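First the structure, in the form of structure tokens, and then the observations on it.
Number of protein chains: 2
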Amino acid sequence: MAPGLSQPDPAEVQSLRMNAPASSTRTLDLYDKLREDLLSGRLKPGQKLQMRFLMEAYQAGQTPLREALNRLTAEGLVEAREQRGFLVAPVSRSELRELTMTRCWLEALALRKAMEAATPAWEEELVVAHHRLSRTPRSLNPEQFEDNPDWERLHRIFHRTLISQCGSAPLIGFCDQLADRLYRYRRLSIRHAFPSRKVADEHQAIVTAVLDRDVERAVELLMRHYQQTADVILEDPSL
Amino acid sequence: MAPGLSQPDPAEVQSLRMNAPASSTRTLDLYDKLREDLLSGRLKPGQKLQMRFLMEAYQAGQTPLREALNRLTAEGLVEAREQRGFLVAPVSRSELRELTMTRCWLEALALRKAMEAATPAWEEELVVAHHRLSRTPRSLNPEQFEDNPDWERLHRIFHRTLISQCGSAPLIGFCDQLADRLYRYRRLSIRHAFPSRKVADEHQAIVTAVLDRDVERAVELLMRHYQQTADVILEDPSL
DNA sequence: GAAGCATAAAATTTATAAATCATTTGCAGG
DNA sequence: CCTGCAAATGATTTATAAATTTTATGCTTC
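Line order of the protein sequences matches chains A and B.
Just so we're aligned: 33 in the working numbering is position 33 of the first sequence, and the numbers increase by one with no gaps anywhere.
Just so we're aligned: 220 in the working numbering is position 220 of the second sequence, and the numbers increase by one with no gaps anywhere.
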């Protein structure tokens, strides 16, 4: 048995997915499952991903597995070493800093472009996205943190809506990728990071700045939002 | 035999690679070959990539082929349709515009950051990269255009060096990806685009601006460089 | 007789399994 | 500490099976 991870029982792995996959291909199904386990930290950074183990754990052949792993490699969640198989992409403080910095740069750029191209329809979309997010609890349990998948989904949609008006699909894709990789860091130190601040207020302030057409303030708030998230995680001694 | 593409002879495909592959894995070798054929336009935009045909043409099994195709899909050179296989990513004027715009944004950003973090070592690296590029002919044949792989390689290195000092590996990676996708457009209309202008002078002007620490001018020149390249291609009626 | 639709047949992609080849890794012996 | 062997693991091929899309066919209806 692989050290550092108790062999996931197929049924248990299945239970991670909130909704039935119902994806037409095995690869996509596997991709979703692996991605979820990667982001949640169930598959630990640096852990070796042996084909034999994966085939057993996820009950799949190697063709769809390799396919899914390759896609995840392109996203930076998995690392492929020549002739030495795959491993879960390791994490480091320096990478966290670099990803955060890059995300700040790109999202600042994207938000500027979006606000230059602002339309009533986009503003309404943003208001709706924020409204939904604000009405969803961050944690399923008020006492102790318990990840709320709905909140995570709405949070992601909110930030994507913010830059969706920038006019560049590639840029949005790059931002998404950075968001994914940073999401893993959030999850890894979630216990430490919660509930350290009022993210809801920060979101509200950003929306207000956008609606006020105050580009500099909106950009400043958004960057501080990401920077603070990173700072909290960087404080975590377990990283 | 598949219509629209003469069966690439293995030896001929091999000849496309400037250096012997010598890659340890079949996948990487295939990846390089496919990439070269994709960028060169030998594999035509929109063309279907049937496994049977590819296995025959590249003399490989489906495992490494699927692996290579998946990586290329992540880079936007190949498109994967659920249950309908792969096809060469189609091209369009609108995508060309979008890629160019995004590249201008990201490289402008990266160049600013690089110049903020300028060091003598970086400036020297840039001078060397430019020197090498300037001493290499654009075309192997002065009469009629004949692609010079050395020039292409050095050109790529020059532009990468320009932003290499930006401090963000992810950002450099994004720029690389955009460069690849745009390179394909250049190749597709190379006959039309050559020799429409003095790119060497443009490179020289950029280097001068960088060494003068004139950020605004350097960024302006670089963006115009990319925009003009796109404009020339957009004039091509064959696109 | 032509258009539309359901069904059947063919082609293709996707997935599994088994076997082979190549490389890395751990370990023993020098 | 280095060398070389052996076992483990990854990479690749081949063959085959299952699932899905595409194409062809024939029937009904207007």
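Beta carbons are placed, not taken as given, at the ideal position from N, Cα and C, and that holds for glycine.
Predicted model only: the values in this text are computed from it and were never measured.
Residues of chain B with CB under 7 Å from residue i, in chain order?
i: residue 96/A; result: Per Cβ cutoff of 7 Å: no residues; residue 96/A is ~12 Å from chain B at best.
i: residue 178/A; result: 170
Based on the DSSP secondary-structure assignment, which residues constitute the bridge partners of residue i?
i: residue 78/A; result: 88/A
i: residue 49/A; result: 86/A
Is the Cβ-Cβ distance between residue i and residue j less than 8 Å?
i: residue 129/A; j: residue 167/A; result: no
i: residue 213/B; j: residue 55/B; result: no
i: residue 89/A; j: residue 79/A; result: yes
i: residue 240/A; j: residue 63/B; result: Outside the displayed range of chain A (1 to 239) lies residue 240/A, so it cannot be described from this structure.
i: residue 190/A; j: residue 145/A; result: yes
i: residue 236/A; j: residue 77/A; result: no
i: residue 240/B; j: residue 91/B; result: In this structure chain B extends from 1 to 239, so residue 240/B is not present and cannot be described.
i: residue 140/A; j: residue 203/A; result: no
i: residue 123/A; j: residue 211/A; result: yes
i: residue 39/B; j: residue 184/B; result: yes
i: residue 239/B; j: residue 93/B; result: yes
i: residue 60/B; j: residue 84/B; result: no
i: residue 65/A; j: residue 51/A; result: yes
Just the chain A side, please: which residues come within less than 7 Å of residue i by C-beta, in chain order?
i: residue 74/B; result: 71 and 74
i: residue 83/B; result: 24 and 25
i: residue 174/B; result: 174
Assuming the contact rule is C-beta atoms closer than 8 Å, residue i and residue j should be a hit. Round their C-beta distance to whole Å, please.
i: residue 228/A; j: residue 197/A; result: 7 Å
i: residue 49/A; j: residue 86/A; result: 4 Å
i: residue 41/A; j: residue 187/A; result: 5 Å
i: residue 222/B; j: residue 96/B; result: Their Cβ separation, rounded to whole angstroms, is 18 Å, which puts residue 222/B and residue 96/B out of contact at 8 Å.
i: residue 110/A; j: residue 182/A; result: The pair is not a contact, with the Cβ atoms about 15 Å apart (cut-off 8 Å).
i: residue 178/A; j: residue 99/A; result: 6 Å
i: residue 207/A; j: residue 112/A; result: At roughly 16 Å, the Cβ-Cβ gap does not stay under 8 Å, so residue 207/A and residue 112/A are not in contact.
i: residue 175/B; j: residue 107/B; result: 6 Å
i: residue 137/A; j: residue 151/A; result: 7 Å
i: residue 70/A; j: residue 71/B; result: 6 Å
For residue i, which residues in chain A fall below 8 Å Cβ to Cβ?
i: residue 120/B; result: What residue 120/B touches in chain A: nothing, since even the nearest Cβ is about 24 Å away.
i: residue 184/B; result: Chain A residues near residue 184/B: none, gap ~14 Å exceeds 8 Å.
Listing by chain order, which chain B residues have their CB less than 8 Å from the CB of residue i?
i: residue 169/A; result: 98
i: residue 105/A; result: 109, 113, 168 and 171
i: residue 101/A; result: 167 and 168
Can you pull the chain A residues whose beta carbon is under 9 Å from the beta carbon of residue i, in chain order?
i: residue 66/B; result: 63, 66, 67 and 70
Open item on the list: Quick check on the DSSP output: what are the complete beta strand (DSSP E) runs of length 3 or more inside the stretch 138 to 200 of chain A, in order along the chain?
Closed with: none
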